[in-house]
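Remarks on the structure that follows.
Protein chains: 2
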Amino acid sequence: MKAILIIADGMADRPIKELNWKTPLEIANKPSLNMIAKTGVCGIMDLISPGIPPGSDAATLALLGYDALKVYSGRGALEAIGSGLEVFAGDVAFRCNFATVNEKRIVLDRRAGRISNEDAAQLTRSLEKVKLKQSHVKFTFKNTIQHRAVLVLHGSKLSTAVSDSDPGKTGVKVSEIKPLDKSPEAKQTANIVNELMNKFRKVLEAHPINKKRIESKMPTANFILCRGAGKVPNIKPLPQVYGVKGTCIGAAALVKGVCKVAGLDLTCVKGATGTPQTDFMAKAKATVQALEANDFVILHVKAMDVVSHDGDYKQKIELIEKFDKMISHILDDVDLDVTYIAVTADHTTSCITRDHEGDPVPVAITGPQVRRDDVMKFDERACSKGGLNRIRGMDIMPILMNFIGKSKKFGA
Amino acid sequence: MKAILIIADGMADRPIKELNWKTPLEIANKPSLNMIAKTGVCGIMDLISPGIPPGSDAATLALLGYDALKVYSGRGALEAIGSGLEVFAGDVAFRCNFATVNEKRIVLDRRAGRISNEDAAQLTRSLEKVKLKQSHVKFTFKNTIQHRAVLVLHGSKLSTAVSDSDPGKTGVKVSEIKPLDKSPEAKQTANIVNELMNKFRKVLEAHPINKKRIESKMPTANFILCRGAGKVPNIKPLPQVYGVKGTCIGAAALVKGVCKVAGLDLTCVKGATGTPQTDFMAKAKATVQALEANDFVILHVKAMDVVSHDGDYKQKIELIEKFDKMISHILDDVDLDVTYIAVTADHTTSCITRDHEGDPVPVAITGPQVRRDDVMKFDERACSKGGLNRIRGMDIMPILMNFIGKSKKFGA
Numbered sequence: 015m016k017a018i019l020i021i022a023d024g025m026a027d028r029p030i031k032e033l034n035w036k037t038p039l040e041i042a043n044k045p046s047l048n049m050i051a052k053t054g055v056c057g058i059m060d061l062i063s064p065g066i067p068p069g070s071d072a073a074t075l076a077l078l079g080y081d082a083l084k085v086y087s088g089r090g091a092l093e094a095i096g097s098g099l100e101v102f103a104g105d106v107a108f109r110c111n112f113a114t115v116n117e118k119r120i121v122l123d124r125r126a127g128r129i130s131n132e133d134a135a136q137l138t139r140s141l142e143k144v145k146l147k148q149s150h151v152k153f154t155f156k157n158t159i160q161h162r163a164v165l166v167l168h169g170s171k172l173s174t175a176v177s178d179s180d181p182g183k184t185g186v187k188v189s190e191i192k193p194l195d196k197s198p199e200a201k202q203t204a205n206i207v208n209e210l211m212n213k214f215r216k217v218l219e220a221h222p223i224n225k226k227r228i229e230s231k232m233p234t235a236n237f238i239l240c241r242g243a244g245k246v247p248n249i250k251p252l253p254q255v256y257g258v259k260g261t262c263i264g265a266a267a268l269v270k271g272v273c274k275v276a277g278l279d280l281t282c283v284k285g286a287t288g289t290p291q292t293d294f295m296a297k298a299k300a301t302v303q304a305l306e307a308n309d310f311v312i313l314h315v316k317a318m319d320v321v322s323h324d325g326d327y328k329q330k331i332e333l334i335e336k337f338d339k340m341i342s343h344i345l346d347d348v349d350l351d352v353t354y355i356a357v358t359a360d361h362t363t364s365c366i367t368r369d370h371e372g373d374p375v376p377v378a379i380t381g382p383q384v385r386r387d388d389v390m391k392f393d394e395r396a397c398s399k400g401g402l403n404r405i406r407g408m409d410i411m412p413i414l415m416n417f418i419g420k421s422k423k424f425g426a
Numbered sequence: 015m016k017a018i019l020i021i022a023d024g025m026a027d028r029p030i031k032e033l034n035w036k037t038p039l040e041i042a043n044k045p046s047l048n049m050i051a052k053t054g055v056c057g058i059m060d061l062i063s064p065g066i067p068p069g070s071d072a073a074t075l076a077l078l079g080y081d082a083l084k085v086y087s088g089r090g091a092l093e094a095i096g097s098g099l100e101v102f103a104g105d106v107a108f109r110c111n112f113a114t115v116n117e118k119r120i121v122l123d124r125r126a127g128r129i130s131n132e133d134a135a136q137l138t139r140s141l142e143k144v145k146l147k148q149s150h151v152k153f154t155f156k157n158t159i160q161h162r163a164v165l166v167l168h169g170s171k172l173s174t175a176v177s178d179s180d181p182g183k184t185g186v187k188v189s190e191i192k193p194l195d196k197s198p199e200a201k202q203t204a205n206i207v208n209e210l211m212n213k214f215r216k217v218l219e220a221h222p223i224n225k226k227r228i229e230s231k232m233p234t235a236n237f238i239l240c241r242g243a244g245k246v247p248n249i250k251p252l253p254q255v256y257g258v259k260g261t262c263i264g265a266a267a268l269v270k271g272v273c274k275v276a277g278l279d280l281t282c283v284k285g286a287t288g289t290p291q292t293d294f295m296a297k298a299k300a301t302v303q304a305l306e307a308n309d310f311v312i313l314h315v316k317a318m319d320v321v322s323h324d325g326d327y328k329q330k331i332e333l334i335e336k337f338d339k340m341i342s343h344i345l346d347d348v349d350l351d352v353t354y355i356a357v358t359a360d361h362t363t364s365c366i367t368r369d370h371e372g373d374p375v376p377v378a379i380t381g382p383q384v385r386r387d388d389v390m391k392f393d394e395r396a397c398s399k400g401g402l403n404r405i406r407g408m409d410i411m412p413i414l415m416n417f418i419g420k421s422k423k424f425g426a
């Protein structure tokens, strides 16, 4: 028995007036999602708990079966690991942006004009040479996609209890990083990151790439904004918990990071980009293929969340329809007599508020031994009448592991 | 107001292909169970949490209102108490089997040919005389039914963190009992049980009963296998929690043990055997009678679970129908104006996997003041649409106690 958990990032939504008070998922033409609902058992799911909008990091931890309220330790380390960096126990990592600030450190552009990967890579090579005063702490800085980057502090006596330097908007001053508790670790960590930010700034201001950018009238990438201090969560990997082998098919660094920490392999798929332009069919093929060598596959699709944050419910509907075609391919090509398929979202992202919301997400599980219910459609309202009733995000992994015969009895 | 909680061991199941993808409970003719659903409020229930297959010990603790994840302390002590032994705080108890091993300790028969109660009793009398090296630890060994027995170590500095000697199957060697943590208590406990196993073996090999068994070509009972080290869980008895008096009607030692630890009386019923041959009607009569002197009665029926572990869904259907007739008797004879009746299972036992599964169980509660819903049948799927929605095993006791006016307000 095998399992596929398909996570549609931010697919769930709230009713939208312009859609006659329906959700994008209710409007979309989605025969394959409906087929999973029709042949499966459905429900609604609170990733964390009712009314709590989940961050993608906490939600993904929950979907892998962990109690995010207990194990969550910040986003930075997960993002860094997903970007291919090594983060060890005790290290503290941050998500970073190349940004444009003026001489008073007022943020002019949080993304430095969505700087190209090439420019960011050249700047990064210079930043790597910066030396810290305290020799017992080392750092790794890596640019990822466009303006995005990650910073890892390696050493001891580091803390995630520090504020962000990224103010999250333009027109305001870069925040100094401050300790959030009274521990010496938090103070030291804040000092180190502030020191790095200042030294990075000097290197960036003087860099030939930025001189070239000024000449070309492009925003200079003269500051590194940091946010989301995180450590590696202390979790037991899924292969140890269940004795299973699993892989993750997804392009988003965060999701890859969570899956890697959870002991899953990462399957690279050409054309999978974590954007609305991702190659849905390539992901579908990779999923079917990955199932051969694994007990289960996590298939994550980021696209719907991206356009929800832009409030573009029309494109959201189109992307749900592409997502549905991807699922149709999977349903055609896997052996449904020996495969369980669950589909859900990691959170509701409202096209109206353009943010994550605490409303539950729909979930459906099909497979040979599920107690089929009479839900005929996969959407937020139809699934709320299903046989699963209302579960938590951290329930879905034990449920799937139970169906494929990998769960352990509690008690005797 | 009085309450009856009827626990049908392993009655819930998954859809079975040969039953046209229905469950045994969905197929069975069960007018009385349906009557409880029709006149009651229904739901589904996770004994521990969704997807987690519950052991019978943890499930029964949950059904009595305890948080099994917090209080569970192994099965051995509960089984020993249910078999009539005294187990004190600090004691460690094991479930044991009379077994047949060869000279290399390869297990040939885990049940020594399902040795008779008489032979087991005679062997036990000799085992009782074995002396341990360490005089501060005493032991009690008692045979129960056929090959089954229990062992209690009385003393201090004992631990449940020891492995089983029972390998759980034939053709492999008896396992040495090993400490599962680094505490001196675990090491001492493992040493003592290993010492006992060796001394028991010598006594058994030389015993006239076994010589007689060899002559009669019956498997010798020449080894005692141990498993399920447990202490008495640290729980507040129900009479203290709710100020109630309750009794348990059930034959399974484990259930009796849990009920006794929870402060309930045990009502013996002639003909109640914990097997498919149990006297259902005698149990029904005893339940009605016990209600007179008690606030509530736990009525436990083991039969359905036994045949589920054998994969015999046809007999499961027949037993559910017998179980239903037992309930019909109860419905006829109690005063429904002053009685709440809840019926549920302690776990799903799949006739296909022949094991406990993590799927939820149906639950229905009838009584004068329940909010009747529109569920008309008592089965896994019908109940999932009921007014209780999805609850946890540990919720059912507070719900019943509240209906009979025995719950305490939380807060003021």
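These protein sequences, in sequence, are chains A and B.
Heads up: the first sequence at position 186 corresponds to 200 in our numbering, and the numbers run straight through without jumps.
Heads up: the second sequence at position 34 corresponds to 48 in our numbering, and the numbers run straight through without jumps.
Even glycine gets a Cβ: it sits at the ideal position worked out from N, Cα and C.
Note that the structure is a prediction, hence the values are computed from the model and not measured.
For the alpha helix (DSSP H) that residue i lies in, which residues bound it at each end?
{"i": "CYS397/B", "result": "394-397"}
{"i": "MET49/B", "result": "45-52"}
{"i": "SER364/B", "result": "It is not in any alpha helix (DSSP H) - SER364/B instead sits in the beta strand (DSSP E) that spans 362-364."}
{"i": "ASN131/A", "result": "131-141"}
{"i": "ASN34/A", "result": "Taken as a continuous stretch (DSSP letters only), ASN34/A belongs to no alpha helix (DSSP H), as it is neither H nor E."}
{"i": "GLY96/A", "result": "90-96"}
{"i": "LEU39/A", "result": "38-41"}
On a Cα-Cα basis, can you pick out the residue from the options that is closest to residue i?
{"i": "LEU99/B", "options": "SER46/B, ILE66/B, LEU167/B", "result": "LEU167/B"}
{"i": "ILE238/A", "options": "VAL352/A, LYS156/A, LEU75/A", "result": "LYS156/A"}
{"i": "ARG125/B", "options": "VAL258/B, GLU117/B, ALA135/B, PHE112/B", "result": "PHE112/B"}
{"i": "LEU146/B", "options": "ASN131/B, THR138/B, ILE206/B, ALA175/B", "result": "ILE206/B"}
{"i": "LEU313/A", "options": "ASN48/A, ILE41/A, GLY54/A, THR74/A", "result": "THR74/A"}
{"i": "SER230/A", "options": "THR363/A, LEU165/A, LYS423/A, ASP133/A", "result": "ASP133/A"}
{"i": "ASN332/A", "options": "LEU39/A, ASP27/A, LYS183/A, LEU278/A", "result": "The sequence given here places Glu at residue 332/A; Asn does not occur at that position. Closest by alpha carbon: LEU39/A."}
{"i": "SER63/B", "options": "LYS399/B, ILE413/B, VAL375/B, ARG386/B", "result": "VAL375/B"}
{"i": "LYS250/A", "options": "GLY79/A, MET295/A, PRO45/A", "result": "GLY79/A"}
{"i": "ALA107/B", "options": "ARG128/B, LEU141/B, THR114/B, ALA175/B", "result": "ALA175/B"}
{"i": "ILE72/B", "options": "VAL283/B, LYS31/B, TYR86/B", "result": "Reading off the sequence shown, one finds Ala at residue 72/B, where the question assumed Ile. The candidate whose alpha carbon is nearest that of ALA72/B is TYR86/B."}
{"i": "ILE21/B", "options": "ARG404/B, THR158/B, ASN34/B, HIS361/B", "result": "HIS361/B"}
Quick one: is residue i near chain B, going by C-beta distance under 9 Å?
{"i": "LEU402/A", "result": "yes"}
{"i": "ILE191/A", "result": "no"}
{"i": "ARG386/A", "result": "yes"}
{"i": "ARG406/A", "result": "yes"}
{"i": "GLU410/A", "result": "According to the sequence provided, residue 410/A is Ile. The question's Glu does not apply to it. Closer than 9 Å: yes."}
Using a beta-carbon distance below 9 Å, is residue i in contact with chain A?
{"i": "ILE159/B", "result": "no"}
{"i": "GLY69/B", "result": "yes"}
{"i": "HIS314/B", "result": "no"}
{"i": "HIS343/B", "result": "no"}
{"i": "THR367/B", "result": "yes"}
{"i": "GLY372/B", "result": "yes"}
{"i": "LEU4/B", "result": "Residue 4/B cannot be examined here, being either before or after the span of chain B that is shown, 15 to 426."}
Looking at the unbroken beta strand (DSSP E) that takes in residue i, where does it start and where does it end?
{"i": "GLU371/A", "result": "369-371"}
{"i": "CYS110/A", "result": "106-115"}
{"i": "CYS282/A", "result": "Where CYS282/A is concerned, there is no enclosing beta strand (DSSP E), given that its DSSP letter is neither H nor E."}
{"i": "PRO344/B", "result": "In the sequence as displayed, the identity of residue 344/B is Ile instead of Pro. Looking at the DSSP string, ILE344/B is not in any beta strand (DSSP E); the run it does join, the alpha helix (DSSP H), is 327-347."}
{"i": "ASN157/B", "result": "152-157"}
Exercise. Taking Cβ-Cβ distances below 9 Å as the criterion, which residues of the stretch 412-426 of chain A are in contact with chain B?
Worked result: PRO412, ILE413, LEU414, MET415, ASN416, PHE417, GLY419, SER421, LYS422, LYS423, PHE424, GLY425, ALA426
Exercise. Which residues, in chain order, does the stretch 290-312 of chain B contribute to contact with chain A at a C-beta distance below 9 Å?
Worked result: none
Exercise. In the stretch 246-260 of chain A, which residues sit with their C-beta less than 7 Å from some C-beta in chain B, listed in chain order?
Worked result: none
Problem set entry | Against chain B: residues of the stretch 374-398 of chain A by CB proximity under 9 Å | PRO382, GLN383, VAL384, ARG385, ARG386, ASP387, ASP388
For this session: May I ask you to list, following chain order, the residues of the stretch 138-152 of chain B that have a beta carbon less than 7 Å from some beta carbon of chain A?
Result: none
For this session: May I ask you to list, following chain order, the residues of the stretch 42-70 of chain B that have a beta carbon less than 9 Å from some beta carbon of chain A?
Result: GLY57, ILE58, ASP60, LEU61, ILE62, SER63, PRO64, GLY65, ILE66, PRO67, PRO68, GLY69, SER70
Exercise. Which residues, taken in chain order from the stretch 79-90 of chain B, show a beta carbon closer than 8 Å to some beta carbon of chain A?
Worked result: ALA82, LEU83, TYR86, GLY88, ARG89
Exercise. Does the stretch 354-361 of chain B touch the stretch 377-392 of chain B, meaning 3 or more C-beta pairs lie closer than 8 Å?
Worked result: yes
Problem set entry | the stretch 208-222 of chain B: positions lying closer than 9 Å to chain A by Cβ | none
Exercise. Contact between the stretch 287-294 of chain A and the stretch 327-346 of chain A: three or more CB pairs below 8 Å?
Worked result: yes
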